[in-house]
Every structure is written in structure tokens, then in C-alpha cells.
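Those sequence lines, one after another, are chains A and B. Under this note's numbering, think of the first position of the first sequence as 140, with each following residue one higher. Under this note's numbering, think of the first position of the second sequence as 18, with each following residue one higher. Glycine is no exception: its CB is placed at the ideal position from the N, C-alpha and C atoms. Notes follow the structure.
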Amino acid sequence: MTAMSPAPEAIVPEPDADKPEVRDLRSWLPTVRDTLLAILLALAVGAFLIAISDDEVIEAIGNLFTYPGSFFIYAGDILRYSGQAIWEAYSALVDGAVGSGSSLQRTLERSAPLICAGLAVTIAFRAGLFNIGATGQMLVGALAAGYVGFTYDLPPGVHLVAAVTAGVLAGALWGGIVGVLKAQTGAHEVITTIMLNQVARFTVLYFLAKDAFQRPGSDNLLSPAVADNATYPTLFGLHLGIPLALVAAVGVWWLLERSRLGFEMRAVGANPDASRTAGMSISKVYISTMAIAGLLSGLAVTMILLGLQQSVTDQVVGSVGFDAITVALLGRATPLGTVLAGLLFGALSAGGLGMQTSAGVPPELIQVVQALIVLFVAAPALIRGLARIRRRKKTATAEPKGAAA
Amino acid sequence: MRLEIKGLTKKFGSFTANDSIDLVVEPGEIHCLLGENGAGKSTLMNMLYGLLTPTEGEILLDGRAVTFDGPGDALAAGIGMVHQHFMLVPVFTVAENVMLGHEQTYAGGVLNRSAARKQVRELSDRYRLAVDPDALVEDIPVGVQQRVEIIKALASQAQVLILDEPTAVLTPQEIDELMGIMRELKAQGTSIIFITHKLREVKAIGDKITVIRRGKVVGTTPPSTSEAELAEMMVGRSVSLVVDKDEATAGAPVFTAEGITVIDPRGHMVVKDVSFEARAGEVLGICGVQGNGQTELIKSLLGLIRPDAGRVELDGKDISRHGPKESLAAGIGYIPEDRSHDGYVGAFSVRENLVLDLYRTDEFSAGPALKLDKIAANAKARIAEFDIRTESPDALVSSLSGGNQQKVVVAREFSRPLKVLIASQPTRGVDVGSIEFIHKRIIAERDRGTAVVIVSTELDEIYALADRIAVMYDGRIVATVTPDIPREQLGLLMAGAAPEGTEVAS
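See the structure below:
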């Protein structure tokens, strides 16, 4: 309200429109700092694990205890070998994630479904719902998209749209069930989504055993591959699902921040009683939120099924459905954050592969690092405690400035 | 015990909540601390009770400087506090609540309940509190629960007792009883710091009155100071304690309730066959002690709960099947009794809260999209019109003071044409300055021809606004009276006494 007087016209939205962005940025700084610290800390713990599981380091430690007389020699060895092992592993990680065109491609391919499923968790979060059901929503989405993809023979473009639509609608239906149950009976969405994950898994298994879903001449629970016309076309080595994930993120942002429904979702998520008093329909919000979440999960699985892996199995979702929860948590339930977190997890996953092949580090390490990131993000007090040590030094120099102002 | 506060300062970042406060509480003195919401009373008391660490200054007990690391230290030093929201376990007995935290046990860890029971009985007798040690806390009235809190403090040898807004939840009779207890405590040497923003009470009970404004002590005065002077000290400018209003020109009944009955989920009939009519250009005040069915009645009028029987009519049309959305659209303005629970979304900005029930109108949305520029312009206009003190329209409502939060709710409800305004506790927890403002707006709305229904537990508010008063007790409207009824008589009606000699209209 301070620097507004020189505005010549009565309704000039510009100064007001500018302000929130600046404020937003400032209020996000601590969050960004905490998140980066969490990532660094997790990588540090990962480095320690890499070091103590390196053969040469283990040997040097053994020598240290066997020949305590040569303490300094072996201590030096430990440091040198640790450094080597960590350097090798982490440079392989970076290499595998972004080191070359193909590794970058792999990173993006893995990020796309993570982002999209992460959005499914994010949007539910904002409406106060904890969507554990991305896995189930993705599974039924895969079933529907796959069926359309390998059963019919449609012209290019049409076939892809038909398959994606089928997957998206099936996911929306599966998510919508949760919304209806919550709105009509008050059933808690955490319970129903977990249960529906199981139902979805067995539904997929049931259908995979049917002739219509069986790959001819195979005894495995494996469907035929989807028709070429139903797969995402590639551009510069990247399939179209990847930009689609970004479009979805923009869509979710618009929905949450710019639309009536999004206003209702955020209001219901923050205070359902006040929302009801203001005349909003909580049931409508729950049902539409979960349907949209399911839709996004359905879209996510098409990025795997129609982009990479082309046939339906009960393993088609992998751990993406659960990683989506972590991605949304790390992204603080914002679309932009979810995109960034999805990219990070995609990079870690692709880089983990590189680490395994070129540095011999077990792939589990990357899962440990991912878990640690989330653990540290979820325990901000720990991170702040570490940050405070540094800030204390700073305040000593910052004080005179504050006093002058 | 003599309590002295010297230069006590508390800063939160660049914000100074308490600025060099000096205060002396002599033994056996009732010292009133008067101030608006957000003036810094709670911060000061939280420092005294060890919940906050002072930035500067010291606390002296009998001339000895003390520092508290937590409420435990404060209690051990003899400072007890009765919070505004009671800290009691409802399913425990009084004695169990009192011993909680310092349980005495026999060998083997078996609780010694009889010792606690004995202690409660002794304290209750000594200070004439009339509390049964074996009653379950959830079964006893609010006023008695408060006495349990007092016993808890006394049981830990408190010599200075802090009472934080103790009268907010009490009936007029209970307030009188509490004052009796305070005098008894004082007579036996306990000092009391009595926090309130009600001028009448301060004058009735205080030995000394210290007024705090914006974190600073404005002054300490004797109780002979006039209410107007005290209000001026509190607010920093002269305020009118009486709402200027002309005689109501009541028109036709706009809004009628007929035989409303509500049964709560536990099967209790909480609203029993309530009928009333609200007329255009008139304020109907529904008064009663909290928990006598007003909450449920109001919610059923708006459609937040379905009445189990009865009809609600607006302009002759039955709206009892309406949900809140339809009721609001039909021209009902609603100020809920608990603003943080039902009135606003704390995590939303002022701007968003100002359209919380208007966002869906054509003015603020086009198809699925919100008109952000219109919403921003609306916020600017309302903030100016209602003098909402906020750093910016983007500030979260939860960061505003209670009075400004309420102004956000009021501004929103007044920003569309109304046929009926239903306001429940419109000024609860609101500072004097804002009360004045909100009352003026309500009267202005009445004069515009809106039918106004005010539900309040505060007699001052009822007297200030109402043109007709309906008294609610035990789910029924027991009497409808005119505002010239004496305070005592109204108090008796609220307490359920038979309406003898009073004119019973309607």
C-alpha cells in the first residue's frame, strides 16, 4: 500500500500483479534452501556409504587395525580410496543422468511419468486428500490404454489419442471411486486408495490371464505389444509424452491458481468447514479432485506404456506410483516443485543405472539416497539445525547492518 | 508475594511485541491488564509463565530476579495461570485433573487418588469454590471447569494467579461468582493478574488497572477512571461505547422460522420448536448463554444442518431445503460465530477470503476461470472501505489480528445486496475500535432495510444493537422482550429463570 499513489488510472492491476510474485519468491527461499540442503545431505550420506562399501577402503581399514604401527599410511589409503570411490560413483551418476544425449534422454523418459503421477498426488494434496492410489490408477489406466493399443487397428494419430483417452478415463474412473466413497460415506482416502491398489493389481492379473490380453504363443502374464500407431511419436529422440508431462504441469497450475474449481479445491483443502459455510460443495470437490488425480495417473502410465515399454504386465507401473508420493512431497505439492522433483528423481534413477554399470555401485544406493532426501525434507528441524550453525556465524556480521536500518 | 516487572521487552524479529514493560503487582492485589487484542497482553503473560523468553528486562519476585525456562519453573516459583481455553482432560475427574503432572503414588506406582481428592476438597472449602472432586470434568458446567483450573493453580502453591480472559465463556451469574472467588483469593493473600478487554469488569473488581497498547504500558490507573477514559487509553483515540442509532422502522417480516427443531448426532434435542420472525429494518437480538442451542439454530437457518422439523421462510418462500449455497444466493448474509473455523480460510490471502463465497458469481469468474483482476480490485476496495489493517491484500488472513480477521468476514458478507443478515457473535475477540466499526456497519445495514438477526452471549452487544431481544435457554426461546429490560432480569432469563413479570411477546 506504500508506493501506489502515482498510478494515473483508478484500476491499474500491474503493481498488484507484480507484488505477489516477488513475495512468493521471497517466501519460497527458505523452502528451496531446506530442499537443497536435504539433497546435499543425502548425497553426503550416500558418499559415506559408497566409501565404506568400497573393497579397497575395506581392505585399508582392515590393514589399519592389523598394523596399527603404520597408522598414517593406511589412514591416508582410506582417505585416498574413499575419495576415488566417491568420485568414480558420483561422476558415473552425473554421467548417467546428464552426461550424454542418450543419458539425458533416459533421464527425461524416466522423469515424465514421475512428474505426471507426482501431479496426481500434488493436486489431491491441495484439496486435503492423501492420494496413495497412483499405483492403482496407473494400473487400470495401463489396462485400458493397452487394450485399445493392441486390439484395434486405427490410423496414426487417432489410435494414439484413442489409447491415451482410454487410459486417462480408466484412471479417472478409478480415482473417482475414491472421491465418491469419501464424499458419500466418509471413507478415508488413504485406506480406500491402498485397497484399490490391490484391487487394481488383481484386476490386471485377471485380465492378463484372459485370451483377449494374452500375447499369442506366450505363457507369461504379458500382453501383446501396442500397435506402432498407438505409441508416442519421437522428436529428437524424445517421445511426445515428455512435453505432455510439462503441459500437464502447466494445466494443473492453471487449474489450482486460476480456476474456480481450483479455488474450491484449495479452500476445501485448507478449511473444509469454512468452505462449506461459504456454499461450496465438499462432495463435488472431493469427487472431481480424485477423478482429476486419477486422470493424471492414467496419463502417467501412458508415458511408460506408449512411450517405452509397449506391453502390459502387472509390473508395468514399477515403483513410479509410490515414487510419485515422494516426488510430490519433495515438490511441496506445487506443480513447479513437482516438475523439478520429478526431474531430479528421473536423473537419479537414470544416473543410478550408470553408477551400477560403470562404477559397480549397487542400484539400491540410489534408492537409499532418494529415501534420505525425503527423510531430510520431512525433518526440516534437522536441516535447520545444520543451517543454524552456519547462520550463527553470519549474524555476527549482519547485526550492525540491521541496527543501522 | 510481590511481583515486579522491569523493562521487560520481547522482540520477534523486527517486531516488538512488548516494549520495556514495567508493572508491579503487590501481594493480595487484583491487578487488571487491559488492552485490545494484539496489544501484547498474551506475550507479557507468556513471558511471566515461562512460555517465552524475554529479549530484555527482568522479572522480580519479592525483589529477587528470576528466569523461567518453562511453565514448570514459573509454577515452582509460585506463578499459576488459568488459560482462556481450559487445559483439562474431559473424561477425568476433577481430582484426577488436579493431580495430573505431579501424581502421588503408593509403592509400586499405584496412584494415590485419595490424596488428590483430599487436596481438592480442602482448597474448595478454603476458597469456597464448591467443586466436587469426583465429578467428571465433561459433566460440569464451564464455570465450574474454570474453578478446577484455579484449583490446579492453587494446588501447586501459586501465589500469583494469572487469569486470561476468564469471563469470556461465563454467564452473567457465573461472572459474579467468579468475582466473589477472586475477592476470596485476594483476602487470603493471593495476587491476581486479571486480563480482559471488558471495561465493566475491570472497574468492578480491579484494585489497579494497567492499560497496554501496541506493546507499551499506556498507564496505570485506579478503578475510578471512567469507562470512556479507559477505552480511550486502550484504543488511543476517543471511542463511542454507545452505538448511535435511530429508532428502528420495522417493516414487514422478511425472514421467519417456524417450529425449528434440531436433534444433534448424539440424539439430544438441542433446538426445541423455535419460532421467530425478523422484520425488515430491525435488529432481532437472540441472547443466551453459550451452548443453549443458538449454534445449531443458526446453522439450520442457513442450511448447514437440516432441521429435523420446522420451516424457514424468506420473503414467503420456503427455504428449509436449501443448502448454504442457495441460502447465500437468496440474499442471506452470514457471519459465523467461530470465524477461524467457519468464517475464513486461514491459509488464504485477504484477497481470496474476500471472495470466499462470491468467487462463483459472474462478477468474479468467467466460465471455469477466475477474474483475478476483479478479485484484486475488490480486495483493494474492501480493504479501504472496511479499514482492514493488513500489510497487503496477499497477506494470509491467519497473520491478521482478530479484529481485522473479523472485518474481512464482515466486509465480504456486506459486499452483496442482503435481505437478511445473520450474525453470530459478530464481535467476539475483537478489539474495541473494531467493535465500534462493526456495530456501525450492522446498524447501517439495518437502516438500509435489511432484516438483521444477531446472536450474542454479550449483554453489552445485545443492548447496543437489538431492537427486540429473544432469550434462548435450553434450546427454546423462553421470552421475547424489548431492550429496556433491566440487565439483571435479562441475566435471570438467560439462566433459565421463569419469565415472571416480564412482557412475553411473540
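CB contact flag (residue i, residue j, <8 Å)
| i | j | result |
| --- | --- | --- |
| B:T184 | B:L195 | yes |
| A:F289 | A:S362 | yes |
| B:K289 | B:G67 | no |
| B:V271 | B:I494 | no |
| A:A302 | A:L175 | no |
| A:A181 | A:I225 | no |
| A:V343 | A:E328 | no |
| B:V12 | B:I455 | Look at the range of chain B in this structure, 18 to 523, and you will see that residue 12 of chain B is not part of it. |
| A:A231 | A:G485 | no |
| B:C49 | B:T207 | no |
| A:M397 | B:L482 | It should be noted that the sequence gives Arg, not Met, for residue 397 of chain A. Against a cut-off of 8 Å, the Cβ pair of B:L482 and A:R397 comes out as no contact. |
7 Å CB neighbourhood of residue i in its chain, flanking five on each side removed
| i | result |
| --- | --- |
| B:E380 | K391 |
| A:L315 | Position check: residue 315 of chain A holds Gly in this sequence, whereas Leu was assumed. Excluding sequence neighbours, A:G315 sits near I426, M429, A430 and G433. |
| B:H100 | D181 |
| A:A142 | At A:A142, the pLDDT of 39 sits below 50, so the modelled position is not reliable; the number obtained from the coordinates is stated separately. No residues qualify anywhere along the chain. |
| A:E160 | Below a pLDDT of 50, predicted positions are generally treated as unreliable, and A:E160, at 49, falls in that range; the measurement from the model is reported next regardless. Result list for A:E160: empty, nothing under 7 Å. |
| B:E155 | P107 and V108 |
| B:P71 | L25, T26, K27 and M64 |
Residue i: first and last residue of the uninterrupted alpha helix (DSSP H) it sits in
| i | result |
| --- | --- |
| B:R456 | Position check: residue 456 of chain B holds His in this sequence, whereas Arg was assumed. Counting along the chain, the alpha helix (DSSP H) containing B:H456 begins and ends at V449 to D464. |
| B:K424 | G419 to E430 |
| B:Y490 | Per DSSP, B:Y490 belongs to no alpha helix (DSSP H); it is in the beta strand (DSSP E), R485 to Y490. |
| A:G257 | G240 to R265 |
| A:F461 | V459 to L469 |
| A:V329 | E328 to L347 |
| B:G125 | Note, B:G125: premise wrong, no alpha helix (DSSP H); not H, not E. |
Residues near residue i in its chain [Cβ-Cβ closer than 8 Å; skip 5 each side]
| i | result |
| --- | --- |
| B:Y490 | G305, V306, N309, L510, M511, A512 and G513 |
| B:A265 | G298, E299, V300, R463 and D484 |
| A:T170 | R471 |
| B:R296 | A267, G268, A269, P270, V271 and A468 |
| B:Y361 | N370, L373, V414, Q422, V425 and V426 |
| B:V137 | V111, A112, V115, V148, P150, I168 and A172 |
For residue i, the first and last residue of its enclosing beta strand (DSSP E)
| i | result |
| --- | --- |
| B:G52 | I47 to G52 |
| B:N370 | Segment V367 to N370 is the alpha helix (DSSP H) holding B:N370; no beta strand (DSSP E) there. |
| B:I439 | V437 to S441 |
| B:R230 | K225 to R230 |
| B:N35 | F32 to V42 |
| B:K28 | L20 to F29 |
| B:Y66 | That residue, B:Y66, is in no beta strand (DSSP E); it is neither H nor E in DSSP. |
| B:A274 | P270 to I280 |
Contact list for residue i against chain B, beta-carbon separation under 9 Å
| i | result |
| --- | --- |
| A:L400 | P385 |
| A:A409 | V362, G363, A364 and F365 |
Chain A contact residues for residue i, given Cβ-Cβ distances below 7 Å
| i | result |
| --- | --- |
| B:S382 | R399 |
| B:R377 | R399 |
| B:P443 | Result: empty, since nearest Cβ-Cβ is about 15 Å, beyond 7 Å. |
| B:G419 | By Cβ distance, chain A contributes nothing, its closest Cβ being about 16 Å from B:G419, past 7 Å. |
Contact set between residue i and chain A, taken where Cβ atoms lie within less than 8 Å
| i | result |
| --- | --- |
| B:K342 | G418, M419 and S420 |
| B:F272 | Under the 8 Å cutoff, chain A gives no residues; its nearest Cβ is about 18 Å from B:F272. |
| B:Y351 | T416 |
Within chain A, partners of residue i - CB distance below 9 Å
| i | result |
| --- | --- |
| B:S111 | In the sequence on display, residue 111 of chain B carries Val and not Ser. Simply none; closest approach about 32 Å. |
| B:P189 | Within 9 Å Cβ-Cβ: nothing; B:P189 doesn't reach chain A, min ~29 Å. |
| B:P324 | Correct list: empty, because the minimum Cβ distance to chain A is about 17 Å. |
Sequence-distant residues of its chain with Cβ nearer than 6 Å to residue i (five each side left out)
| i | result |
| --- | --- |
| B:T110 | D151 and L153 |
| B:E21 | V41 and L77 |
Cross-chain neighbours of residue i in chain B, by beta carbon under 8 Å
| i | result |
| --- | --- |
| A:D412 | H358 and D359 |
Per-residue contacts from residue i into chain B (C-beta, under 7 Å)
| i | result |
| --- | --- |
| A:A305 | Those within 7 Å of A:A305 in chain B number zero; the least Cβ separation is about 25 Å. |
Checklist entry - Would you call the stretch 405 to 412 of chain A and the stretch 281 to 299 of chain A touching, i.e. three or more CB-CB distances under 8 Å? => result no
Checklist entry - Should the stretch 397 to 405 of chain B be regarded as contacting the stretch 312 to 321 of chain B, the criterion being three or more beta carbon pairs within less than 8 Å? => result no
Checklist entry - Counting Cβ pairs, one atom from each stretch, are 3 or more of them under 8 Å apart for the stretch 212 to 223 of chain B and the stretch 243 to 254 of chain B? => result yes
Checklist entry - Counting Cβ pairs closer than 8 Å, one from the stretch 222 to 239 of chain B and one from the stretch 35 to 47 of chain B, do we hit at least three? => result yes
Next on the checklist: For the pair the stretch 240 to 258 of chain A and the stretch 329 to 341 of chain A, tell me if three or more CB-CB distances fall below 8 Å.
Outcome noted: no
Checklist entry - Is the stretch 277 to 294 of chain A touching the stretch 306 to 313 of chain A, taking contact as three or more C-beta pairs under 8 Å? => result yes
Checklist entry - If you pair each beta-carbon of the stretch 211 to 230 of chain A with each one of the stretch 487 to 503 of chain A, do three or more pairs fall below 8 Å? => result yes
Checklist entry - Are three or more beta carbon pairs between the stretch 343 to 351 of chain B and the stretch 426 to 443 of chain B nearer than 8 Å? => result yes
Item to check | Sufficient close CB pairs (3 or more, under 8 Å) joining the stretch 130 to 150 of chain B to the stretch 158 to 168 of chain B | outcome: yes
Next on the checklist: With a threshold of 8 Å, are at least 3 pairs of Cβ atoms found where one atom belongs to the stretch 455 to 475 of chain A and the other to the stretch 381 to 394 of chain A?
Outcome noted: yes
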